[in-house]
Amino acid sequence: MRYVQINSFYNGSTGTIMRNLHHDLQEKGVDSFIFWGRRHETINNHEQCIASRAGVYAHGGLARFTDRAGFYSHGDTRRFLAKLDEIRPDVVHLHNIHGYYINVAELFEWLATQNCKVIWTLHDCWAITGHCPHFQYVGCERWKTGCHDCPQLGGYPTAYFMDQSERNWKDKRRLFTMLSAERMLLVSPSQWLADLVGESYLSKYDIMVQPNKIDEGVFHPVASDVRERYGIGSRCIILGVASPWGERKGLNAFIQLAKYLDDRFAVVIIGLSRQQIKVFDEVEGDARVIALERTESREELVRWYSAADFFFNPTMEDNYPTVNLEAEACGTPVVTFDTGGCRETVSLPSSCVVDSSEWTPRWFINRLEGA
């Protein structure tokens, strides 16, 4: 069997999911291929980057003017589809097909001419909207009946001059429902997203809830030296991990922690940009604040997870955050906002799901003092 997977990135959470399945399939003797669009060079014939840097920049630039993200990259897409013609896959497994690297119209029109099975793992809500990958933060429900007057043009995928959300929604509805219900299976990591899809134009397709998995051979409690290396001592560590950070990932909550908590605490934030690190450098507060850039070292992340007293995930919109799974696997209780599928990612009795409207930095002081 020839099995093809497609994703925007080789690395990151969705890239890791793609790679793990690729390796599992290879171990079972399946002729597996993975293709991605950005940030990693081609490795071999079975692991290839399909988009040129120039193509990605052109796609992203045009989308900023026209609000037509997903409808450029003609040349890169044609070359990729020619490769698929050579492979003749039995299964095409889609992951994230947004990210300025592939033309979704040409992709689905090609799929409609084939006999292969199509599996589409939905890592966010982009497949059912006319613009955005998430709509919880702004409370928008236009996607149910037809996007228009998009309130999130300034967010990814950014559009400065035009609102084509109505056209995009109609085009995506037409394209993404071209295949018969028998040919395409949808996969959602969370029941929360599966329920949303059931209210969308993709409702004719079967959807299977398959929670994301992590490598428990990597993510488990370990002896950690980070307290000594960073001079944390016996302080209570509140850890946050994301990339990129922003308001919707809960960056403001960590700024509040840095300002409010006393010197019994260490606030550790991993995955920040250099500009965001400067913001934390200027915060005046008594807590020990350690602001770090993104790390590609899973071993270093495990050391931080294992050392932390709490893993805090104040995300304002998410599907099924694997960072919560990673933290719990390392024995660290998770405190997460009750958004999206976050509730489905925690299982330790010591973990806690918190209403974002009721949370304050005092929560951690109360927990430390046993209140």
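Residue numbers (my numbering): 6 to 376.
Cβ atoms here follow ideal geometry from the backbone N, Cα and C, with glycine treated the same way.
Measure the beta-carbon distance from residue i to residue j and round it to whole angstroms, keeping in mind my assumption that it falls under 8 Å.
i    : j    : result
F140 : W131 : Contact doesn't hold; Cβ gap of about 10 Å is too wide.
R345 : N324 : Looking at the sequence itself, residue 345 is Gly, so the reference to Arg does not match. Indeed, because the Cβ distance is near 5 Å, the residues count as touching under 8 Å.
G75  : V109 : 4 Å
R293 : I243 : That belief does not hold up - the Cβ atoms of R293 and I243 are roughly 10 Å apart, past 8 Å.
H128 : H100 : 6 Å
A271 : R240 : 4 Å
E331 : F224 : 5 Å
V359 : V340 : 6 Å
I107 : L207 : Not quite, the Cβ-Cβ distance comes to about 19 Å (not below 8 Å), so this is no contact.
Measuring alpha carbon to alpha carbon, tell me which of the options ends up nearest residue i.
i    : options                   : result
R205 : V123, E187, T327 and T150 : Checking the sequence shown, residue 205 turns out to be Ser, not Arg. Checked all of V123, E187, T327 and T150; the closest Cα to S205 is T150.
Y265 : T341, T350 and F369       : F369
V143 : E322, Q31, A296 and I92   : E322
R83  : L67, F113, D95 and P94    : F113
D211 : T126, K254, L180 and G238 : T126
S57  : H51, T21 and R44          : R44
C335 : D343, F315, S78 and V307  : V307
A263 : W41, I295, L277 and R279  : I295
P138 : P156, Q119, C152 and Y161 : Y161
T320 : D314, R348, A312 and Y310 : R348
P338 : V328, S356, N329 and V351 : S356
P194 : V214, D200, T19 and V202  : V214
Q31  : G20, H51, F14 and T19     : H51
I55  : K33, F70 and G80          : G80
V273 : Q261, V284 and L297       : L297
Assuming contact is defined by CB atoms lying nearer than 7 Å, are residue i and residue j in contact in what I supplied?
i    : j    : result
A164 : D230 : no
I275 : V246 : yes
D29  : R7   : no
L190 : I92  : no
C152 : S170 : yes
G135 : W174 : yes
L86  : W115 : yes
L277 : W309 : no
M183 : A117 : yes
Does the beta-carbon of residue i have 16 or more other beta-carbons within 10 angstroms, so that it is buried, or is it exposed?
i    : result
T365 : exposed
P326 : buried
E333 : buried
D154 : exposed
N217 : buried
I48  : exposed
A59  : exposed
A68  : buried
G17  : buried
G42  : buried
A376 : Because the pLDDT of A376 is 45, which lies under 50, any placement of that residue in the model is unreliable, and the question is left without a value.
R234 : exposed
N371 : exposed
field: Within the stretch 246 to 302, ranges of the alpha helix (DSSP H) (whole runs, at least 4 residues)
entry: 256 to 265 and 279 to 286
- prompt: Can you list, in chain order, the stretches of the alpha helix (DSSP H) that have 4 or more residues and sit fully within the stretch 69 to 127?
  reply: 79 to 92 and 109 to 117
- prompt: Mind pulling the beta strand (DSSP E) runs of 3 or more residues that sit fully within the stretch 220 to 250?
  reply: 241 to 246
Uninterrupted beta strand (DSSP E) stretches inside the stretch 333 to 373 (no shorter than 3 residues): 339 to 342 and 357 to 359
- request: At 3 residues or longer, and completely inside the stretch 18 to 79: list those beta strand (DSSP E) runs for me, N to C.
  value: 36 to 43 and 52 to 54
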